[in-house]
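Have a look at the structure below, then the notes.
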């Protein structure tokens, strides 16, 4: 998770009105920033008696008096910000400003030294002595003055902010390259105090690696006042906050190119491969005349086909069947010791309704998970044709139609009602399978859409899914990846993938499906300890999915081809009761080559 902090400065844009300041804080919280900041000047100490003789000073003095909020109001506003989950900071212009807050000064989470006071060593020392982090703006000053100010400071407790003190700053004057100079000269993270005419300049500053962005917030840029024109609206702040959250991932990829899972899906769905143009018997020597080149890309493509032209088939091929590698080799049965290991361990394989019979013959491990499409759920499924001696689970469709995700709490009535219909039909199917097999048929769903907050998400889903327990059917949410591949694109998910979600699962006592592959990618994205988290959530694990992974989007890799530390997670996963479904990416293709490899590898690693 990115540690970039966005500070919405309230400044003087509240027009001296407590209610407007509170409205700005609420807007900042809604926009997704991490902090708000206030300004305070002691009016009796702000200007000399002759200051109003200068035209500029007269304007500023009038504005400062018009926009004054007393310490007691600022303390109340700071408390309000913290109640909304924000940090609260404040800028002072003189040591006497600090004195006006007395012992309550500790209520603020951080302090900010404005550019104009960079040489005010007494103010810097007084704020550093308070033990809170200090952000220091560099605007208005020469490099010699900056050098003198910073060289006397301690190693920790402060962050320099690049700042151009124009209001607003034109594109030509932003001088973002100074961010690099500051970071290298002082060997520390650097921030950016933005007064830019265009808020998008903040995005460029993020690309330069700033870890803090401070910018004024306003409800209306055309409002009367000095700072509104160089401020951002809540909508603009929401965009800055979104980019800040994702910037570290956005700039990743400085290495050899690896296609992500969404690209692999699109390559399969949009690409082409070779299919049999007619029935081909065993022993037939393959030629180009036997082939047609069509979508989807599920078999040999143009890069692969030359290796197999002129070679005899070891298996018969039906017209329109995909040409795959295994057709040129004698089919080998899964070894008995691997089958025995799979049965002892509760391993299962994902299947579609149409390939269940063939998968059972090829992989007689006695446990399978139906991965159903929305059309299959909406059809009449004949459970009497399903082998009753096996164990089964069901994966809910991710989609309820060709354009909408599963979302039983959608504001869109069609999506909400369609999701509930799909869920009800799947539960009914599970009930029928349970009656036929005499064993539990759990249901796993990728519930991923957060409408208000994570707390609301878990409360709503726990209430909905717990209803099905009265029908002896367990419907469990699946632990999700940080990034999902929906409709051919990538979508950042904000539920069921981080430490906060673990706490909410425990609070609601909600059984869930532990997906090891997703857990690995979440670990790599958010930095949590996956083994520790799995142990903490162990009492709630009711079902398991297994595949390897690398990075934040290397999903569904063959077992043992991800990061070395993943092996301990597979061993831990095999210790849970219930089914453990192998979800290696496209393991069913090439006559189940990926599933065979996974079963063999797991037995090799953990079977003895």
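Residue numbers (my numbering): 2 to 609.
Note that the Cβ used here is the ideal one computed from N, Cα and C, for glycine as well.
| Query | Result |
| --- | --- |
| How long is the line joining the alpha carbons of residue 366 and residue 518, rounded to whole angstroms? | 22 Å |
| Skipping 5 residues on each side, what residues in its chain have a beta carbon closer than 8 Å to that of residue 2? | Because residue 2 sits at a pLDDT of 45, beneath the cut-off of 50, its placement in the model cannot be relied upon, and the following sentence gives the value as read from the coordinates. Closer than 8 Å at Cβ, skipping near neighbours: 246, 499, 526, 527, 528. |
| Near residue 593, what residues of its chain come up, given a Cβ to Cβ distance below 6 Å and the 5 sequence neighbours on each side ignored? | 363 |
| What residue from 484, 495, 539 has the CA that sits closest to residue 263's CA? | 484 |
| Quick one, which of 108, 166, 96 has its alpha-carbon nearest residue 74's? | 108 |
| How is the beta strand (DSSP E) around residue 7 delimited, first residue to last? | 6 to 12 |
| Give me the residue from 83, 104, 125, 82 with the minimum Cα distance to residue 92. | 125 |
| For residue 602, report the span of its alpha helix (DSSP H) as first-last. | 590 to 607 |
| Can you tell which of 565, 571, 566, 489 has the C-alpha that lies nearest to the C-alpha of residue 516? | 571 |
| Can you give me the start and stop residues for the alpha helix (DSSP H) that residue 428 sits inside? | 414 to 438 |
| Using DSSP with H/G/I as helix, E/B as strand and the rest coil, what is residue 52? | At residue 52 the pLDDT is 49, less than 50, meaning the model places this residue with poor confidence and gives no usable figure here. |
| Can you check whether the CB of residue 388 is closer than 8 Å to the CB of residue 361? | yes |
| Does the ligand COA have even one heavy atom less than 7 Å from the beta-carbon of residue 381? | The ligand COA is not among the ligands present in this structure, which contains no ligands whatsoever. |
| Since residue 143 and residue 115 should fall inside the 8 Å C-beta cutoff, what is the C-beta to C-beta distance between them, to a whole number of angstroms? | Not a contact, Cβ separation roughly 17 Å. |
| Assuming residue 349 contacts residue 581 under a Cβ cut-off of 8 Å, what Cβ separation, rounded to an integer in Å, is found between them? | 7 Å |
| Which residues bound the beta strand (DSSP E) around residue 518? | Here residue 518 belongs to no beta strand (DSSP E); instead the alpha helix (DSSP H) covers 517 to 527. |
| So residue 33 and residue 202 are supposed to be a Cβ contact under 8 Å. How far apart are they, rounded? | With 8 Å as the limit, residue 33 and residue 202 do not qualify as a contact, their Cβ atoms being about 19 Å apart. |
| Along the chain, where does the alpha helix (DSSP H) that runs through residue 84 open and close? | 72 to 84 |
| CB-CB under 8 Å to residue 212, same chain, minus the five flanking residues each way: which ones, in chain order? | 4, 5, 6, 160, 190, 191, 192 |
| Closer than 6 Å by C-beta to residue 111: which residues in its own chain qualify, once you throw out the five before and the five after it? Chain order, please. | 90, 133, 134 |
| Just the Cα atoms here: how many angstroms apart are residue 568 and residue 71? | 59 Å |
| Would you mind reading off the limits of the beta strand (DSSP E) that contains residue 124? | Element bounds for residue 124: not the beta strand (DSSP E) but the alpha helix (DSSP H), 122 to 129. |
| Just grab the DSSP bridge partners of residue 514 for me. | 479, 544 |
| Name the residue from 395, 292, 398, 433 whose alpha carbon lies nearest to the alpha carbon of residue 386. | 433 |
| Three or more beta-carbon pairs under 8 Å between the stretch 434 to 452 and the stretch 474 to 491, yes or no? | yes |
| For the beta strand (DSSP E) holding residue 446, just list the boundary residues, first then last. | 444 to 446 |
| Just reading off the beta strand (DSSP E) that residue 202 is part of, what are its end residues? | Here residue 202 belongs to no beta strand (DSSP E); instead the alpha helix (DSSP H) covers 202 to 208. |
| Whole angstroms is fine: what's the gap from residue 303's alpha carbon to residue 324's? | 12 Å |
| What's the C-alpha gap between residue 327 and residue 532? | 37 Å |
| What residue range is occupied by the uninterrupted beta strand (DSSP E) comprising residue 192? | 192 to 195 |
| Quick check: the Cα distance between residue 268 and residue 598, rounded to an integer number of angstroms? | 23 Å |
| Based on the DSSP output, what are the partners of residue 40 in its beta bridges? | 92 |
| For a test of the three-state rule: what should DSSP assign to residue 57, helix, strand or coil? | Reliability of the predicted coordinates at residue 57 is poor, the pLDDT of 49 falling under 50, and no value is obtained from them. |
| Taking residue 563 and residue 551 to be in contact with their CB atoms under 8 Å, please state how far apart those CB atoms are, rounded to whole angstroms. | 5 Å |
| Output the boundary residues of the alpha helix (DSSP H) element that contains residue 352. | First-last for residue 352: 348 to 352, but that is the beta strand (DSSP E), not the alpha helix (DSSP H). |
| Could you say which of 578, 601, 537 lies nearest to residue 559 if we only look at CA atoms? | 601 |
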